[in-house]
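Participant: Take a look at this one; I'll ask things after.
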Amino acid sequence: MVMALAAAGPGGATTRRCAPDAVETSHETTIAGRRIRYVACAGTLPARNLKDEVHGRIFYTAYLVAGTHGRPLSFVWNGGPGADSRLLQFHAMGPKTFHDGKLADNPTSPLGASDLVFVDPVGTGFSRADTTDHASDFYGTNGDIAAISGFVRDFRIAYRRGSAPLYLVGESFGTWRAAGVAERLIDQKIPVAGIALISGGIPLGDTQDRYRMRALSLYSRVATAIALRRLDPALLADQARTLAEARHWAETVYAPALADPAALTEQQRAEVIATLARYQGLDPATIDARTLWVSPHDFRTGLLADQGKTLAIFDMRRTDQADENPGEGQRILDYYRGALGYRDGHYAGIDAPESDAGNRWQYDQSPITPESLARARAGEGPPSPPQPWALRAMEKAPALRMWVAAGMYDSLNSCAGNEATVAAMPASIGARIALHCFAGGHMMYQDPLETVHFGQEISDFLNPRT
Numbered sequence: 095m096v097m098a099l100a101a102a103g104p105g106g107a108t109t110r111r112c113a114p115d116a117v118e119t120s121h122e123t124t125i126a127g128r129r130i131r132y133v134a135c136a137g138t139l140p141a142r143n144l145k146d147e148v149h150g151r152i153f154y155t156a157y158l159v160a161g162t163h164g165r166p167l168s169f170v171w172n173g174g175p176g177a178d179s180r181l182l183q184f185h186a187m188g189p190k191t192f193h194d195g196k197l198a199d200n201p202t203s204p205l206g207a208s209d210l211v212f213v214d215p216v217g218t219g220f221s222r223a224d225t226t227d228h229a230s231d232f233y234g235t236n237g238d239i240a241a242i243s244g245f246v247r248d249f250r251i252a253y254r255r256g257s258a259p260l261y262l263v264g265e266s267f268g269t270w271r272a273a274g275v276a277e278r279l280i281d282q283k284i285p286v287a288g289i290a291l292i293s294g295g296i297p298l299g300d301t302q303d304r305y306r307m308r309a310l311s312l313y314s315r316v317a318t319a320i321a322l323r324r325l326d327p328a329l330l331a332d333q334a335r336t337l338a339e340a341r342h343w344a345e346t347v348y349a350p351a352l353a354d355p356a357a358l359t360e361q362q363r364a365e366v367i368a369t370l371a372r373y374q375g376l377d378p379a380t381i382d383a384r385t386l387w388v389s390p391h392d393f394r395t396g397l398l399a400d401q402g403k404t405l406a407i408f409d410m411r412r413t414d415q416a417d418e419n420p421g422e423g424q425r426i427l428d429y430y431r432g433a434l435g436y437r438d439g440h441y442a443g444i445d446a447p448e449s450d451a452g453n454r455w456q457y458d459q460s461p462i463t464p465e466s467l468a469r470a471r472a473g474e475g476p477p478s479p480p481q482p483w484a485l486r487a488m489e490k491a492p493a494l495r496m497w498v499a500a501g502m503y504d505s506l507n508s509c510a511g512n513e514a515t516v517a518a519m520p521a522s523i524g525a526r527i528a529l530h531c532f533a534g535g536h537m538m539y540q541d542p543l544e545t546v547h548f549g550q551e552i553s554d555f556l557n558p559r560t
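Numbering (my numbering), first residue to last: 95 to 560.
Structure below.
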């Protein structure tokens, strides 16, 4: 293990903030116009399986503001499965994010509101199982939730932060992890103040009204068709009105039609197809006349079919799938080796092979059925539904708050669907959920017009007193 760099305390004395086996470095930055001193801790903690056996190590990057007491403690991860924490850390929430291809101070980092711990699940980043066979302990939804829950417990003990307000932040598939970990910790009598769910919806189990959720995805598609100027001039003239009318039609006409297309007359069926094509900018002949459903994949390949282009999964305004950030991985590795002084191990996907967690993942939280697998292949999410972790956590912890963010142009999520989901919940739960719809894609914080907005909103959630 490399030598840790101690932080200088009052009078030149050294005051260590990190766990004994983590590498500690001292830093300063400016957030929201305020100069902040913080330490970075780069280290590992045990990776515990479902039986609480230690079969690996989980790497973390913690940023702790010096000289303050009672600050919230937020654990942050991305999705995948098989994704490390790079996106949220270096493009949204960390004290250093990329600007013009270089790491620089992030003036909108929520470090101004909460201490941050970025977590790389087993198989990603520097995190590893101790043997190849033991990796399977962590390459599944239930084992992953157990491992991250154990990590949170161990971190709070190692850093003596048992009284800090605890927040869990997950993006995409990481929303399942956040909701599942929240419920598991609450069951273990560890209070959780809030969970932030970014671009992954609200894990509530298999939806009972799938047709309504499908119908409401029209809202994002109309917004995309507007952005790409693929609608009739009459619809483009008043975009807000078009979006409102499309959503109303989706709720009142399209959802019932999807639920029971066989009940429609031929004229009604033709009217639905014509209206659907008009709102989505599609050729009516490409719409399945039997089901009346246009899958996410079919919409992405159909809207610009005349140009031979396919819309991007994460931001449907785009068609360019190329790597936007060449050389970024090496800059991140240089940051760890240099600025943070961490020299152990190899980083999966940078100086080591990409993680194979995604290919080996076991969706063991719910059965995979032919129907759920078909939905996954059509672009409607993972091959089996989540458990209702979020709802159960909210029911078990009456003070628990939730922050839910979606991007308008994300093919995987729906702002309108999130609103409908919360509206259907008991009022005592819905009142504790804050919904945000950003004018961006899956990674809405990368949109220059939303970067500051995202930082401000999540900072306010993680620490309402700031």
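Even glycine gets a Cβ: it sits at the ideal position worked out from N, Cα and C.
Output the distance between the C-alpha atoms of T109 and G432, rounded to the nearest integer angstrom.
Facilitator: Answer to the nearest angstrom: the Cα atoms are 21 Å apart.
Participant: Should the stretch 347-364 be regarded as contacting the stretch 300-309, the criterion being three or more beta carbon pairs within less than 8 Å?
Facilitator: As far as the Cβ criterion goes, the stretch 347-364 touches the stretch 300-309, which means the pair count is three or higher.
Participant: Report back the beta-carbon spacing between A252 and A113 to the nearest angstrom; my notes put them in contact at under 8 Å.
Facilitator: With a Cβ gap of about 4 Å, A252 and A113 count as contacting.
Participant: For the pair the stretch 329-342 and the stretch 383-393, tell me if three or more CB-CB distances fall below 8 Å.
Facilitator: Judged by Cβ distances under 8 Å, the stretch 329-342 makes no contact with the stretch 383-393, as fewer than three pairs qualify.
Participant: Looking only at its chain, what residues have a beta carbon closer than 6 Å to the beta carbon of P35, apart from the 5 residues adjacent to it on each side?
Facilitator: This structure does not reach residue 35, given that the chain is present from 95 up to 560, and the question cannot be answered.
Participant: When the Cα atoms are used, what is the spatial distance from G268 to L467?
Facilitator: Each residue's Cα considered, the two are about 20 Å apart.
Participant: Which whole-angstrom value is the C-beta distance of S293 and N507, which I expect to be below 8 Å?
Facilitator: Confirmed, about 5 Å.
Participant: Just reading off the alpha helix (DSSP H) that H342 is part of, what are its end residues?
Facilitator: 333-343 is the span of the alpha helix (DSSP H), which, as asked, contains H342.
Participant: In angstroms with no decimal places, state the Cα-to-Cα distance between C531 and A500.
Facilitator: When rounded, the distance between both Cα atoms is 5 Å.
Participant: On the DSSP letters alone, give me the boundaries of the alpha helix (DSSP H) that L485 sits inside.
Facilitator: Segment 483-490, the alpha helix (DSSP H) holding L485.
Participant: How would you write the range of the alpha helix (DSSP H) that Y429 sits in, first residue to last?
Facilitator: Unbroken alpha helix (DSSP H) run through Y429: 422-431.
Participant: Among residues of its own chain, excluding the 5 on either side of G264, which ones have a beta-carbon nearer than 6 Å to its beta-carbon?
Facilitator: Around G264: W171, R271, A272.
Participant: Do the stretch 474-489 and the stretch 453-463 meet, that is, are 3 or more Cβ pairs less than 8 Å apart?
Facilitator: Cβ pair count under 8 Å is three or more, so yes.
Participant: Give me the DSSP bridge partner(s) of G234.
Facilitator: In DSSP, G234 forms a bridge with Q456.
Participant: Where does V96 fall in DSSP's three states?
Facilitator: Unreliable placement is indicated for V96, whose pLDDT of 33 sits below 50; the coordinate value is still reported in the next sentence. Note: V96 maps to coil in three-state DSSP.
Participant: Just to confirm the assignment, what range does the alpha helix (DSSP H) spanning S120 have?
Facilitator: Note, S120: premise wrong, no alpha helix (DSSP H); beta strand (DSSP E) at 117-125.
Participant: Where do the N-terminal and C-terminal ends of the beta strand (DSSP E) with T191 fall, by residue?
Facilitator: From DSSP, the beta strand (DSSP E) with T191 extends over 190-193.
Participant: Using the Cα positions of I444 and G423, report the straight-line distance between them to the nearest angstrom.
Facilitator: Spanning the two alpha carbons is a distance of roughly 6 Å.
Participant: Quick one: residues in its chain with C-beta nearer than 6 Å to the C-beta of Y154, no 5 flanking neighbours on either side, listed in chain order?
Facilitator: Cβ neighbours of Y154 beyond the five flanking positions: V211, V213.
Participant: Would you say F408 and M519 are within 8 Å of each other, going by their C-beta atoms?
Facilitator: Contact flag unset, no.
Participant: Sorted by chain position, which residues of the same chain lie with C-beta nearer than 6 Å to L325's C-beta, five sequence neighbours on each side aside?
Facilitator: Excluding sequence neighbours, L325 sits near A319, G375.
Participant: What is the residue span of the alpha helix (DSSP H) that W270 lies within?
Facilitator: W270 -> alpha helix (DSSP H) spans 268-281.
Participant: What does the alpha-carbon distance come out to for the pair D248 and L139?
Facilitator: The alpha-carbon atoms of D248 and L139 are separated by roughly 7 Å.
Participant: Under the assumption that D231 contacts P215 (Cβ atoms under 8 Å), give the Cβ distance between them as a whole number of angstroms.
Facilitator: With 8 Å as the limit, D231 and P215 do not qualify as a contact, their Cβ atoms being about 12 Å apart.
Participant: Whose C-alpha, out of A258, G127, Y429, R315, is nearest the C-alpha of F192?
Facilitator: Of the candidates A258, G127, Y429, R315, the one whose C-alpha sits nearest the C-alpha of F192 is Y429.
Participant: L494 to A290, Cα distance in whole Å?
Facilitator: One C-alpha to the other measures close to 11 Å.
Participant: Ignoring anything shorter than 3 residues, give me the beta strand (DSSP E) runs that lie fully in the stretch 171-213, in order along the chain.
Facilitator: Counting only runs of 3 or more, we get 190-193, 196-199.
Participant: Nearest to G439 by CA position, among A223, A156, I130, is which residue?
Facilitator: When each option's Cα is compared against that of G439, the closest is A223.
Participant: Under a Cβ-count criterion, where at least 16 other Cβ atoms within 10 Å of its own Cβ denotes burial, should P476 be classed as buried or exposed?
Facilitator: So P476 ends up on the buried side.
Participant: Taking buried to mean at least 16 other C-beta atoms within 10 Å of its own C-beta, is T545 buried or exposed?
Facilitator: Flag for T545 reads buried.
Participant: To the nearest angstrom, how far is it from the Cα of T119 to the Cα of T225?
Facilitator: Distance between the alpha carbons of T119 and T225: 31 Å.
Participant: Given a cut-off of 8 Å, decide if I296 and A487 are closer than it, judged by their beta-carbon atoms.
Facilitator: Not a contact, by the Cβ cut-off of 8 Å.
Participant: For Y83, I'd like the list of residues in its chain whose CB is within less than 7 Å of its CB, leaving aside the five on either flank, ordered along the chain.
Facilitator: Only positions 95 to 560 of the chain appear in the structure, and residue 83 is not among them; the question remains open.
Participant: What does the alpha-carbon distance come out to for the pair G299 and H185?
Facilitator: C-alpha separation (whole angstroms): 30 Å.
Participant: Ignoring anything shorter than 4 residues, give me the alpha helix (DSSP H) runs that lie fully in the stretch 487-544, in order along the chain.
Facilitator: Qualifying alpha helix (DSSP H) stretches, in chain order: 509-517, 521-524.
Participant: Given a cut-off of 8 Å, decide if G137 and A116 are closer than it, judged by their beta-carbon atoms.
Facilitator: Yes, Cβ-Cβ distance for A116 and G137 is below 8 Å.
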